Amino acid sequence: MCLNPIAQDTDVLSAKHEPALVWESLFSYHCPHASSPKGQLTMNITRQSAGVLVAEMRTGRLRCVEVMEAFADRIERYNSRVNAIIQLDLVKALDAAAVADKARDAGQAMGPLFGLPVAVKDNYDVVGFRTTYGAPALRNNWPDSDSLHIARMKAAGAIVVGKTNMPEFAFGEDTDNPLWGRTRNPYCLSRTAGSSSGGSGAALALDLVALADGSDLGGSTRIPASWCNIVGYRPTTGVVPKVPSVAPFDRLHVMGPMARRVDDIRLSLSVVCGRDVRSPITAPFGPQEFAAPLTGNLAGIRISFSVDSAMFRIDSSVTDALTACADVLSRAGARVTDAAPDVRFLARSQPIFRALCAAEYAGWAVDEHGLELGHLILDLVGQSRRLTGYEIERANMMRVKAWHRMANFFDSYDLVCWSTSSGSPFAPDMPGLKEFDWDTVCISPALDLPSISVPAGFTQDGLPTGLHILGPPGSDRLVLEAAEAIERGLQMWQRNPPNEKLELAVSK
């Protein structure tokens with residue numbers, strides 16, 4: 102339980118951890134709302150969806166600087182308690198907001214993300230920020246260009262305020278690393294925010310930014326989304342081209358947008374989606390797939406729904422919290438059936454694919470920096486280099502078998518739903534951590550299924566949980582529509598973290 106998270110965990114961040122890149126700017130800038138208790142204006146601005154904020158800024162009813170100041174206030178109040186944003190430059194962000202206001206006043210074109218404060222996971226490149234991957238060995242890794250999806254977001258008007266935390270090289274069950282420290286769950290500071298995009302999840306949960314990104318290999322956008330009561334999406338491979346990438350042919354790792362509302366995911370995809378000649382894997386559709394707002398209409402859609410299937414070991418506290426979801430989908434027009442595909446055997450291949458991906462994405466760092474890296478990365482890369490051709494081929498054959506079985510299942514169902522996580526957010530030192538069943542989210546990358554975690558309920562202890570919605574490759578729009586139906590029916594986004602407890606922590 103988490104009855105008093107502040108009493109359970111009041112340690113400040115350890116001095117061994119790296120100071121934020123331009124952290125001084127946060128405190129040297131005087132935010133006009135910071136001198137008074139959470140002003141109504143600040144609260145109203147930061148709780149709005151990204152789509153609403155863009156519309157208000159494009160018309161001039163809200164100034165971009167006004168919006169940036171409101172989010173700066175939230176960051177100043179709460180970020181130090183959860184350690185979500187680990188590199189920050191608010192001076193540059195406020196300057197960019199002022200430039201955006203002048204451009205609008207001059208009648209210049211405004212993009213679909215005009216003036217929007219966003220944060221970027223620390224494994225993607227943003228000029229002016231380091232790309233550290235959470236590794237002390239890369240603390241001075243300054244990129245000279247933006248990752249493609251960041252360049253597209255900037256071109257659409259987004260303003261990057263900082264980088265979000267992650268475990269070293271995005272491997273690990275908790276968002277913690279020796280460079281920046283641990284990210285805490287806003288709903289219970291003694292619990293994990295999930296991994297590996299836990300920094301983005303916590304930042305969104307506390308309204309520190311309007312949009313964020315994540316990377317997803319084995320649930321890294323979806324688990325933090327489930328445990329932080331936000332939305333995390335894993336698109337079909339190629340929807341968002343990976344440029345630059347050390348593994349351009351890999352289909353397991355993708356960039357996935359994260360947001361507080363489902364239609365904001367759609368808005369983000371409308372910008373970052375689209376072919377690039379530098380990426381060998383491309384989706385069969387472009388940004389127009391995500392141009393129109395979501396409706397949540399599921400008329401005639403066949404949905405397999407099973408939150409307590411024998412296929413996974415799901416804690417009863419989670420399944421109890423998801424009981425209303427099937428009725429919501431039915432009211433949206435879907436034909437909901439209690440059924441689940443039998444692909445449990447695929448779990449036996451996951452350790453092999455995980456080790457191979459670690460070698461693809463971190464092998465170069467192991468070769469260059471060796472023992473400067475954490476033991477998990479060294480172990481995974483070491484495992485990959487000891488694998489035999491037979492072991493790899495056997496894992497691939499299990500993947501093929503699971504794919505055929507899943508493809509046959511999709512002949513009868515358009516979408517599949519189950520719990521995003523097998524349990525509630527755990528305390529990082531929890532003895533039973535190894536007993537968690539991560540297979541709920543690992544099936545998607547192995548079979549290239551677009552999938553989303555949408556806020557769907559709370560346990561009796563007040564901890565968030567999410568519904569996991571999956572579809573066949575290329576069904577991204579339909580997956581989003583189902584998530585929109587859940588969001589409209591349950592309205593879980595309205596249940597904020599316990600700010601009064603965070604305020605108490607800030608005052609100590």
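First residue of the sequence shown? That's 102 in this note's numbering, and the numbers climb one at a time after it.
Backbone N, C-alpha and C define an ideal beta-carbon position, used for all residues, glycine too.
These numbers were taken from a predicted model, which means no experiment stands behind them.
Suppose you measure from the CA of residue i to the CA of residue j; what does that come to, to the nearest Å?
| i | j | result |
| --- | --- | --- |
| Ala460 | Arg162 | 50 Å |
| Gly319 | Leu550 | 12 Å |
| Asp512 | Asp377 | 32 Å |
| Glu582 | Leu395 | 6 Å |
| Ser450 | Lys502 | 12 Å |
| Pro381 | Ser545 | 20 Å |
| Cys374 | Leu154 | 21 Å |
| Asn597 | Pro287 | 9 Å |
| Phe272 | Met211 | 38 Å |
| Asp577 | Ser552 | 8 Å |
| Thr383 | Asp562 | 43 Å |
| Arg285 | Thr293 | 5 Å |
| Ser129 | Thr232 | Only weak support is given to the placement of Ser129: the predicted model assigns it a pLDDT of 29, under 50, and the value that follows is read from those uncertain coordinates. Approximately 24 Å, taken between the alpha carbons. |
| Val123 | Asp196 | At Val123, the pLDDT of 34 sits below 50, so the modelled position is not reliable and the matter cannot be decided from this model. |
| Gln141 | Ser181 | A caution first: Gln141 carries a pLDDT of 42, below 50, which makes its placement in the model too unreliable to give a value. |
| Val168 | Thr160 | 13 Å |
| Asn241 | Met267 | 17 Å |
| Leu472 | Arg283 | 21 Å |
| Asp439 | Glu390 | 30 Å |
| Leu189 | Phe386 | 35 Å |
| Ala393 | Asp245 | 34 Å |
Could you work out which residue in the options is closest to residue i when comparing CA atoms only?
| i | options | result |
| --- | --- | --- |
| Ala557 | Ala197, Ile544, Ser522 | Ser522 |
| Asp277 | Ile251, Gly235, Gly315 | Gly235 |
| Ala496 | Ala466, Leu477, Ile453, Cys518 | Ile453 |
| Ala201 | Leu189, Gly216, Ser246, Ile187 | Gly216 |
| Pro599 | Leu399, Cys289, Asn241, Arg487 | Cys289 |
| Ser407 | Val517, Arg506, Thr338, Gln209 | Val517 |
| Pro442 | Gln595, Trp519, Met169 | Trp519 |
| Leu612 | Gly295, Glu269, Asn180, Leu191 | Outside the displayed range of the chain (102 to 609) lies residue 612, so it cannot be described from this structure. |
| Leu481 | Glu269, Ile366, Gly572 | Glu269 |
| His505 | Ile404, Leu548, Glu469, Ala463 | Leu548 |
| Asp530 | Ser291, Gln209, Arg323 | Ser291 |
| Ala379 | Glu494, Phe350, Ala210 | The sequence given here places Arg at residue 379; Ala does not occur at that position. Nearest of Glu494, Phe350, Ala210 to Arg379, Cα basis: Phe350. |
| Ala463 | Ala204, Gly339, Leu239 | Leu239 |
| Arg445 | Ala392, Asp538, Ala393 | Asp538 |
Since residue i and residue j should fall inside the 8 Å C-beta cutoff, what is the C-beta to C-beta distance between them, to a whole number of angstroms?
| i | j | result |
| --- | --- | --- |
| Ala304 | Ala313 | 6 Å |
| Gly302 | Met359 | 7 Å |
| Lys193 | Val221 | So it is not a contact: roughly 14 Å between Cβ atoms. |
| Val437 | Ile478 | So it is not a contact: roughly 42 Å between Cβ atoms. |
| Val166 | Ala199 | 5 Å |
| Pro44 | Thr322 | Past the edges of the chain, shown from 102 to 609, lies residue 44, and the structure says nothing about it. |
| Trp465 | Val347 | 6 Å |
| Tyr334 | Gly357 | 5 Å |
For residue i, I'd like the list of residues in its chain whose CB is within less than 6 Å of its CB, leaving aside the five on either flank, ordered along the chain.
| i | result |
| --- | --- |
| Ser248 | Tyr225, Asp226 |
| Lys139 | Here the model assigns Lys139 a pLDDT of 38, short of 50, so the residue's position is not dependable and the matter cannot be decided. |
| Glu157 | Leu163 |
| Ala427 | Phe406, Val437 |
| Ile176 | Leu309 |
| Asp275 | Thr293, Ser296, Pro529 |
Is the beta carbon of residue j closer than 9 Å to that of residue i?
| i | j | result |
| --- | --- | --- |
| Asn330 | Gly567 | yes |
| Arg414 | Leu447 | no |
| Ala528 | Gln484 | no |
| Thr147 | Ala185 | no |
| Leu214 | Ala259 | yes |
| Leu191 | Val262 | yes |
| Ser316 | Val355 | yes |
| His250 | Val341 | yes |
| Ile187 | Trp328 | no |
| Gly572 | Leu579 | yes |
| Ala584 | Ile366 | yes |
| Ile402 | Ala425 | no |
| Pro388 | Ala311 | no |
| Tyr179 | Leu307 | yes |
| Pro279 | Pro345 | no |
Can you list, in chain order, the residues of its chain whose CB lies under 7 Å from that of residue i, leaving out five sequence neighbours each side?
| i | result |
| --- | --- |
| Glu492 | Ile453 |
| Ala586 | Gly397, Leu399, Val429, Leu430, Ala433 |
| Val467 | Leu474, Ile478, Leu479, Val482 |
| Ala256 | Gly212 |
Leaving out five residues before and five after residue i in sequence, what residues of the same chain have Cβ atoms less than 8 Å from its Cβ?
| i | result |
| --- | --- |
| Thr560 | Ser418, Val419, Asp421, Ala422, Ser525, Thr566 |
| Thr541 | Gly320, Phe413, Ile415, Trp519, Ser520, Thr521, Ser522, Ser523, His569 |
| Cys543 | Gly319, Gly320, Leu447, Ala448, Gln451 |
| Arg362 | Ser150, Ala151, Gly152, Val332, Glu588, Trp594 |
| Leu488 | Ile453, Ala456, Leu457 |
| Trp206 | Note on identity: in this sequence residue 206 is Asp, with Trp being the wrong assignment. Answer for Asp206: Gly161, listed in chain order. |
Under 9 Å, Cβ to Cβ, is there at least one residue of chain B near residue i?
| i | result |
| --- | --- |
| Gly401 | Of the protein chains in the structure, only one exists, and it is not chain B. |
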